[in-house]
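Student: Supplied in structure tokens, the structure appears directly below.
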């Protein structure tokens, strides 16, 4: 989720990436990805950014940071005038029924949870069974609302 420039996108694509995610809509990254038929999901925080990203070829836009740009109500309000929008939200998503149900009811296509799904302390301690359980619980919740 941190690709911010075209050279970095090109490098990762050359190394085998089959999609690119970044925190902002960068037209140069779109050029690199579109030429290679690689999906690019740019981070967007306004309807204008979402519209631009879609115009440039984004099939799924990343709303980032989701918790700071208005939460699930922001997504619901975007889907009203732009119902075709496929939104992946990151930032502010927690692996709980309360959080995941709110986002999916609002209309997201996907979520990213990062450090909420892979807590630093759990990784540091190598508690892989806890991560497995957290992932399984999260997937069960998502299946319920998707």
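Numbering (the numbering used here), first residue to last: 1 to 146. Backbone N, C-alpha and C fix where the C-beta goes; we use that ideal spot for every residue, glycine too.
1) Closest to residue 138 by CA distance: which of 123, 121, 13, 110 is it?
2) Could you tell me the alpha carbon to alpha carbon distance between residue 144 and residue 89, rounded to whole angstroms?
3) Could you tell me the boundaries of the alpha helix (DSSP H) in which residue 99 lies?
4) Using DSSP with H/G/I as helix, E/B as strand and the rest coil, what is residue 30?
5) Using the beta-carbon count (16 or more within 10 Å), is residue 100 buried or exposed?
6) Just verifying my parser: in three-state terms, what is the DSSP assignment at residue 90?
7) Under the three-state reduction of DSSP, which class applies to residue 9: helix, strand or coil?
8) Find out if the Cβ-Cβ distance for the pair residue 1, residue 23 is shorter than 8 Å.
9) Can you have a look at residue 125 and say buried or exposed, based on whether 16 or more other CB atoms are within 10 angstroms of its CB?
10) I need the straight-line Cα distance from residue 11 to residue 37, nearest angstrom please.
11) For residue 184, which residues of its own chain have a beta-carbon under 8 Å away from its beta-carbon, when the five flanking residues on both sides are left out?
12) Would DSSP call residue 53 helix, strand or coil?
13) Can you grab the Cα-Cα spacing for the pair residue 123 / residue 135, in whole Å?
Tutor: Considering the structure as presented:
1) Ranking 123, 121, 13, 110 by CA distance to the CA of residue 138 puts 110 first.
2) Between residue 144 and residue 89, the C-alpha separation is close to 18 Å.
3) Run containing residue 99: 97–106, per the alpha helix (DSSP H) assignment.
4) Look at residue 30 here: in three-state DSSP terms it is helix.
5) Classification for residue 100: buried.
6) In the structure shown, the three-state DSSP call for residue 90 is strand.
7) In the structure shown, residue 9 sits in a helix (DSSP, three-state: H, G or I).
8) Their beta carbons are under 8 Å apart, which means residue 1 touches residue 23 by this criterion.
9) Exposed, by the Cβ-count rule.
10) Straight through space, the alpha carbons of residue 37 and residue 11 are spaced by roughly 15 Å.
11) This structure cannot settle anything about residue 184, because the visible part of the chain is limited to 1 through 146.
12) For residue 53, the secondary structure class from DSSP, reduced to helix, strand or coil, is helix.
13) Rounded to the nearest whole angstrom, the C-alpha separation of residue 123 and residue 135 is 14 Å.
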